[in-house]
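Asks: Residue numbers (my numbering), protein chains in the order written: chain A, 219 to 494; chain B, 21 to 820.
C-beta: ideal position from N, C-alpha, C; glycine also.
From a predicted model like this one, the values you see are computed outputs, not experimental measurements.
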Amino acid sequence: MKLNYIILLFITVLAACDEPVTLDPKQVDPVIVIEGLITDRETYQYVRVTETVDFYAEGGSRPITDAEVSVVDNEGNQFIFEHNPREIERLDGYYLSENPFSGKVGNTYSLSVSYSGQQYQATDQLLRVAPIDSLEVIINEDEFADPDDPNYYYEVLFYATEPQETDDYYLFKFYRNDTLILESENDIYFSDDEVLAEQIDGLPTAGFYKQGDVAVVEMYSLTNNAFVYYNDLINLLENDGGMFGSPPVNPRNNLSNGAMGYFQTSAVASDTVMIK
Amino acid sequence: MKTHKCGYASTKTKIMKKIYLFGVFTLAFCLSAFAQEGNFTLNGYVKDLDNGEELIGVTIYVEETKSGAITNVYGFYALSLPPGEYNILYSYMGYQTIRQQIDLTKDMVFNVELPSSVTEMDEVVITGEAIDANVTDIKMSRNDLNIQQVQRLPALFGEPDIIKTIQMLPGVISAGEGTSSFFVRGGSADQNLILIDEAPIYDPSHLFGLFSVFNSDVIKDSKLYKGGIPAQYGGRLSSILDVRTKDGNNKKFGGTAGIGLLASKLMVEGPIRKDKSSFIVSGRRSYVDLFLRAADQDNFVHFYDVNAKASWKHNNNNRFFAAVYLGRDVFEFEDVFGFDWGNATATFRWNHLFNDRLFSNTSVIASNFDYKMELDDNVQGFIWKSNLQEFSFKEDLNYFVNPSNALDFGYHVTYRRFEPGRLSPNAQNSIFVDTELQHQFALDHALYANHEWKASERLTLAYGARLSIFQNIGEQDVYLYDDPKENVDIERIDTLSFDAFENIKTYINLEPRVSLRYLLNPTSSLKASYSRMVQNTHLISSGTVPIPFNTWNPSDYYLEPQIADQWAVGYFKNLKNNSIELSSEIYYKDIQNVTDFADNAQVFFNNDLSTEYRQGDSWSYGLELMAQKKEGVLTGFISYTWSKAERKIPDVNQDKAFFANYDRRNAFNAVATYELNDKWVLGANFTYTTGRPTTVPSARYAYEGYQVDYITERNGYRLPDYHRLDLSATLTPRKNANRKWKSSWTFSIYNAYNRSNAFSIYTRVKQDDDGNIIGDGNEKEARMIYLFPILPSVTYNIKF
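(1) Do you know how far the Cα of B/Ser603 is from the Cα of B/Ala548?
(2) Using a Cβ cut-off of 8 angstroms, pull out every chain A residue sitting near B/Arg803, in sequence order please.
(3) So what does DSSP say about B/Asn107, is it helix, strand or coil?
(4) With a threshold of 8 angstroms between beta-carbons, can B/Phe411 be considered close to chain A, or not?
(5) Would B/Glu601 be called buried (16 or more neighbouring beta carbons within 10 Å of its own) or exposed?
(6) Using the three-state DSSP reduction, which class does B/Gly797 fall into: helix, strand or coil?
(7) Excluding sequence positions up to five away, which residues of its chain have a Cβ less than 7 angstroms from the Cβ of A/Met492?
(8) Along the chain, where does the beta strand (DSSP E) containing B/Arg172 start, and where does it finish?
(9) Label B/Trp404 either buried or exposed according to how many other C-beta atoms from any shown protein chain fall within 10 Å of its C-beta, with 16 as the threshold for buried.
(10) Using a beta-carbon distance cut-off of less than 8 angstroms, what residues from the stretch 422-451 of chain B approach chain A?
(11) I want to verify the contact list: residues of chain B whose CB lies under 9 angstroms from the CB of A/Ile418, in sequence order.
(12) Quick one: grab the DSSP three-state call for B/Ile239.
(13) Please confirm whether B/Leu747 and B/Ile781 have their CB atoms less than 8 angstroms apart.
(14) Quick check on the burial criterion: 16 or more other C-beta atoms within 10 angstroms. Buried or exposed for A/Gly277?
(15) Taking Cβ to Cβ, would you say B/Phe379 is nearer than 8 angstroms to B/Ala342?
(16) I'd like to know whether the C-beta atoms of B/Gly347 and B/Gly280 end up nearer to each other than 8 angstroms.
(17) Considering only the beta carbon of each residue, do B/Arg667 and B/Gly636 sit closer than 8 angstroms?
(18) The alpha helix (DSSP H) with B/Thr185 in it runs from where to where?
(19) What is the residue span of the alpha helix (DSSP H) that A/Ile452 lies within?
(20) Whose Cβ in chain A lies nearer than 7 angstroms to the Cβ of B/Asp729?
(21) Give me the DSSP bridge partner(s) of B/Asn758.
(22) Between which two residues does the beta strand (DSSP E) carrying B/Asn817 extend?
(23) Excluding the five sequence neighbours on either side, which residues of its own chain have a C-beta within less than 6 angstroms of the C-beta of A/Ala444, listed in chain order?
(24) For B/Ile794, which residues of its own chain have a beta-carbon under 7 angstroms away from its beta-carbon, when the five flanking residues on both sides are left out?
(25) Looking at the strands, I want to know which residues DSSP matches up with B/Ile805.
(26) Once the 5 residues before and after B/Asn371 are set aside, which same chain residues still bring their CB inside 6 angstroms of it?
(27) Kindly indicate which three-state DSSP category B/Gly198 falls into: helix, strand or coil?
(28) Just how far apart, CA to CA, sit B/Met141 and B/Lys699?
(29) Please state the DSSP three-state secondary structure of B/Asn422.
(30) Listed from N- to C-terminal order along the chain, which residues in the stretch 451-477 of chain B have their beta-carbon within a distance smaller than 8 angstroms of any beta-carbon of chain A?
(31) Quick check on the burial criterion: 16 or more other C-beta atoms within 10 angstroms. Buried or exposed for B/Asp497?
(32) Can the beta-carbon of B/Tyr721 be found closer than 8 angstroms to that of A/Val246?
(33) What do you get for B/Ser476, buried or exposed, if any count of 16 or more other CB atoms within 10 angstroms of its CB means buried?
(34) Quick check: the stretch 211-229 of chain B against the stretch 190-202 of chain B, are there 3 or more CB pairs under 8 angstroms?
(35) According to DSSP, what are the bridge partners of B/Lys272?
(36) Across which residues does DSSP place B/Gly703 in a beta bridge pair?
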């Protein structure tokens, strides 16, 4: 819910100023962070294992390079994950499946990570995803005048049919020439179908395009648990400090033993359109 | 799914009503017998000589018996005395004291009109003999706000606001400037019952709290009860803010107008039939949007208030009043997105004297609160509406038995209807389907009685109780869950269906109220009180400051009543002929079933909201000191509060106790006005409080591309201390004296030394002022929001 933001925005517009402040947070022991994704695409699937760092530390999460990572599905297939097999420095902390494989719709996947004498487990189910019916490119005339991006006035609209008889949850990713689009750095595009009608016709996607761009829309299936995780995550990312919204709290996830992050399994529907 | 039917509808209600009617009449009957033989009654109304407004809280003092009475909220008083000649003093703040000789040979009606002390500078009549309520009244933990003073104090954007002054009282905490919420003795904001002419206001904020709904032009009297709450009031745990509006001048036409920076207002009052009936109408509207429109802006915001009242005195025994309040806030963003909210209340009152000693007030009250949000878009367009309504009937009786005994008793019944939300598509191609959350209904009965007994010259005792009978009624489907507190994998296993008015759940609670006053000497007293309060209407809010879009929920199948027990003791002392009042109180308050949300609760638009709320314990205690000077050229108060408020709620903060969002250890406030000469009045506010607790990250990590805070503890960090000084000067030109139109100017400076007071802390990826990310996008920064820098303002007021 972005309501808190609107209110904060209003108050800020009215009179406020907003300055950096240095906190003096409590020092806490690092906590393990696990980010895993198994899709129904035939690929090297990945699990990322890192540790939290001090709030004011430089750089991102600290990679953990010596964990043991494996995934089993409910058919008994086991997949071993190797740390950064090609030893690319920026992929430190990433564990890739030994061989490419595709997750199967309907299967349940269980992750197990062992690090420093501790065991971390998670389970998620790979659910089917509704297909994308089509993408449409339109010209948004309001964007002609935008001085920051003079040529970016094409918008991509999304058409799909939402199955009404089931409870479904979706995560969307939008790419412009292979670059993920986030309109602001905390945006997550996801939805449940509680208030959605069957026909999703002409829903605008994030971002604008110029002529010659390639637009890709990906739609991931989520379990209820994953939806709850993303919902909690965005509430934390956009938290107003607990003034009008709830105080910040760690998201609820599917990992055991106090680990942060999420182990996600998704079917992916994808469509590409060339802007011309 | 199976469906159960649950039986016996509202027969209980009918029986209750019969019991009540029987009760009132037998009680009244017994009481007349109980009244002492041979005494006569002196009663009447005390009014303002200039405009006929009934005055609330006027002290009536009988010199011969050294006893007295105070006018009630309708300006009525009654005394019962043996036959004889008496000197009776009628005294009231800001008015000249009248001494009246009365030869009491039969029951008498004596209405008094008090002249105001116009030239307060030299004509203030301080009567040494006049008894003083601070010391002698049994009520403690109560603050009366002087509206004349509030109007001369410095105000944000020059708009006087009683809630901003309430936030400076001892025992009252604010969440920060620019908010209209207040927190009384460790209670949350929804535990305050805010009444305008007896009708509850569910959200007292304009512009998310920059102003409150109370237009100072129409306020006659406002009282805040923080403890020792009389049995007549109930329904909320922590405080009662009882605001009464003016009845309108029944002698001549007049009015006021004010032009401020943000809002303007106009009030007109006058007699309909001289001395018999009167009206008052007042309106206020903000016009920021007009500036914005002129500046070619696409974002608009405005609010308005309308207060209207008519009163009609049929005769001394029958008086009628009808009052209406309407207020609304409207926000529009680029003609596409908008939201609005507002309160509407209506009160009809009948004051009736059954006999010389039995005063009755019958009220019929309606209150509505609603909000709406609308996005105008072909694809994503929707309208989201929510509202809640209540209708009450109240019968309150004051029985003045004899000089030593007074009885208050009555019956209230309230019907509430909650419509938590409906989302509808507002375009043909909208991606949304029409979705509505379930309505809820409640019926709330209360029977109360209170006996105030002057046991001796020194000791006064008041004891009573309120019996609250609360019913959550149909029509409603109650969902049964596999685990009612599981809020991730919600699994409904069954549904109980209830028909209209069918009883779903009944909660019966007895709320005892006891207070006593012991007079140590004529200028000092000790007081003590205990009260139990029960709350059956809960605001489901997870932030520090509620917003209009939070949901109100009745006690129901899952949600239990909140119960507060409060103990308070105090020492009260007056100095210098009662011109300085000192008070000191300590309190302890314990709340059961305080309502909060589980961590990560989904607060908005949730049909399974009952899986998200949690009920736990809250406890708070504190010391309050106050010195108040009500008369003379310098008036005002200083207050200091030391307090602590903690909570322990299942599934919140890993089940560990934590400081309430509004816990502030020290609060010091000073409010003063100084009459420099007959032209200038100066005013000042100073406030200092410990920073409020907040939650900050202990570490951070990356998940996908997001930089996420890692949280270990709720409210484990404190914002910096808050302090601020405001100044004002009111100029009343001397030439006014001969004018029909009297004008005045109020100049205010808010935050005079330009302190940057923290409003809230949030975190974001480190970036510069233009939003460009600094560094590799991994680093984060904490940001502190400051609201108001030094803000001068000017208001022009006219009185006619």
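Replies: Judging by the given coordinates:
(1) In the second sequence, residue 548 of chain B corresponds to position 528, counting from 1. In the second sequence, residue 603 of chain B corresponds to position 583, counting from 1. Roughly 13 angstroms between the two C-alpha positions.
(2) Within the second sequence, the letter at position 783 stands for residue 803 of chain B. Those are Asp236, Glu237, Pro238 and Val239, listed as they occur along chain A.
(3) The count along the second sequence starts at 1 and reaches residue 107 of chain B at position 87. Residue state, collapsed to three classes: strand.
(4) Here residue 411 of chain B refers to the residue found at position 391 when the second sequence is read from its first residue. Judged by the 8 angstroms Cβ criterion, B/Phe411 is not in contact with chain A.
(5) Working through the second sequence from its first residue, we reach residue 601 of chain B at position 581. B/Glu601 should be labelled buried.
(6) Indexing the second sequence from 1 puts residue 797 of chain B at position 777. Three-state result, B/Gly797: coil.
(7) Here residue 492 of chain A refers to the residue found at position 274 when the first sequence is read from its first residue. Only Val432 meet the Cβ criterion.
(8) Position 152 of the second sequence holds residue 172 of chain B. DSSP places B/Arg172 outside any beta strand (DSSP E); the residue lies instead in the alpha helix (DSSP H), whose first and last residues are Ile167 to Arg172.
(9) Sequence index remark: in the second sequence, residue 404 of chain B carries index 384 (1-based). Under this definition B/Trp404 is a buried residue.
(10) Leu443, Pro445, Asn449, Ser450 and Ile451
(11) Your numbering for residue 418 of chain A matches position 200 in the first sequence. What A/Ile418 touches in chain B: Val399 and Ile451.
(12) Numbered from 1 along the second sequence, position 219 holds the residue referred to as residue 239 of chain B. DSSP places B/Ile239 in strand when its eight states are reduced to three.
(13) Start at 1 with the first residue of the second sequence, and residue 747 of chain B comes out as number 727. Start at 1 with the first residue of the second sequence, and residue 781 of chain B comes out as number 761. In this structure, B/Ile781 does not lie closer than 8 angstroms to B/Leu747 by Cβ.
(14) Indexing the first sequence from 1 puts residue 277 of chain A at position 59. A/Gly277 comes out exposed.
(15) Along the second sequence, one-based indexing puts residue 379 of chain B at 359. Along the second sequence, one-based indexing puts residue 342 of chain B at 322. Against a cut-off of 8 angstroms, the Cβ pair of B/Ala342 and B/Phe379 comes out as no contact.
(16) Position 327 of the second sequence, counted from the start, is the residue given in the question as residue 347 of chain B. Position 260 of the second sequence, counted from the start, is the residue given in the question as residue 280 of chain B. The Cβ atoms of B/Gly347 and B/Gly280 do not sit closer than 8 angstroms to each other.
(17) As a position in the second sequence, residue 667 of chain B is number 647, starting the count at 1. As a position in the second sequence, residue 636 of chain B is number 616, starting the count at 1. Their beta carbons are under 8 angstroms apart, which means B/Arg667 touches B/Gly636 by this criterion.
(18) The count along the second sequence starts at 1 and reaches residue 185 of chain B at position 165. Here the alpha helix (DSSP H) through B/Thr185 covers Ile182 to Ile186.
(19) Working through the first sequence from its first residue, we reach residue 452 of chain A at position 234. Going by DSSP, A/Ile452 is part of the alpha helix (DSSP H) stretching over Asn442 to Leu455.
(20) As a working note, residue 729 of chain B is residue 709 in the second sequence. Those within 7 angstroms of B/Asp729 in chain A are Leu454 and Pro466.
(21) On the second sequence, position 738 is the one that residue 758 of chain B refers to. In DSSP, B/Asn758 forms no bridge with anything.
(22) As a working note, residue 817 of chain B is residue 797 in the second sequence. Here the beta strand (DSSP E) through B/Asn817 covers Leu811 to Lys819.
(23) Translated into positions along the first sequence, residue 444 of chain A becomes position 226. Beyond the five residues adjoining it in sequence on each side, A/Ala444 comes within less than 6 angstroms, by CB distance, of Gln482 in the same chain, given in chain order.
(24) Here the question's residue 794 of chain B lines up with position 774 in the second sequence. Within its own chain, the residues whose Cβ lies closer than 7 angstroms to the Cβ of B/Ile794, once the five positions on either side in sequence are excluded, are Lys786, Gln787 and Asp788, listed in chain order.
(25) Within the second sequence, residue 805 of chain B is the residue found at index 785, counting from 1. A/Asp236 and B/Ser780, per the DSSP bridge assignment.
(26) Translated into the one-based positions of the second sequence, residue 371 of chain B becomes position 351. Excluding sequence positions up to five before and after B/Asn371, its CB lies within less than 6 angstroms of the CB of Tyr94, Arg339 and Asn381, all in the same chain and listed in chain order.
(27) The count along the second sequence starts at 1 and reaches residue 198 of chain B at position 178. It is coil, neither helix nor strand.
(28) In the second sequence, the residue the question calls residue 141 of chain B occupies position 121. In the second sequence, the residue the question calls residue 699 of chain B occupies position 679. Its pLDDT being 35, under 50, B/Met141 is placed unreliably in this model, and the value from its coordinates should be taken loosely. Their Cα atoms are separated by approximately 12 angstroms.
(29) In the second sequence, counting from the first residue as 1, residue 422 of chain B sits at position 402. Three-state result, B/Asn422: strand.
(30) Ile451, Phe452, Val453 and Thr455
(31) Here residue 497 of chain B refers to the residue found at position 477 when the second sequence is read from its first residue. Exposed, because fewer than 16 other Cβ atoms sit within 10 Å of the Cβ of B/Asp497.
(32) In the second sequence, residue 721 of chain B corresponds to position 701, counting from 1. In the first sequence, residue 246 of chain A corresponds to position 28, counting from 1. It is not a contact, given that the beta carbons lie outside the stated cut-off.
(33) As a position in the second sequence, residue 476 of chain B is number 456, starting the count at 1. Counting Cβ neighbours within 10 Å, B/Ser476 comes out exposed, since fewer than 16 surround it.
(34) yes
(35) By 1-based counting over the second sequence, the position of residue 272 of chain B is 252. None, per the DSSP bridge assignment.
(36) Locating residue 703 of chain B in the second sequence gives position 683, where the first residue counts as 1. DSSP lists B/Thr693 and B/Ser748 as partners of B/Gly703.
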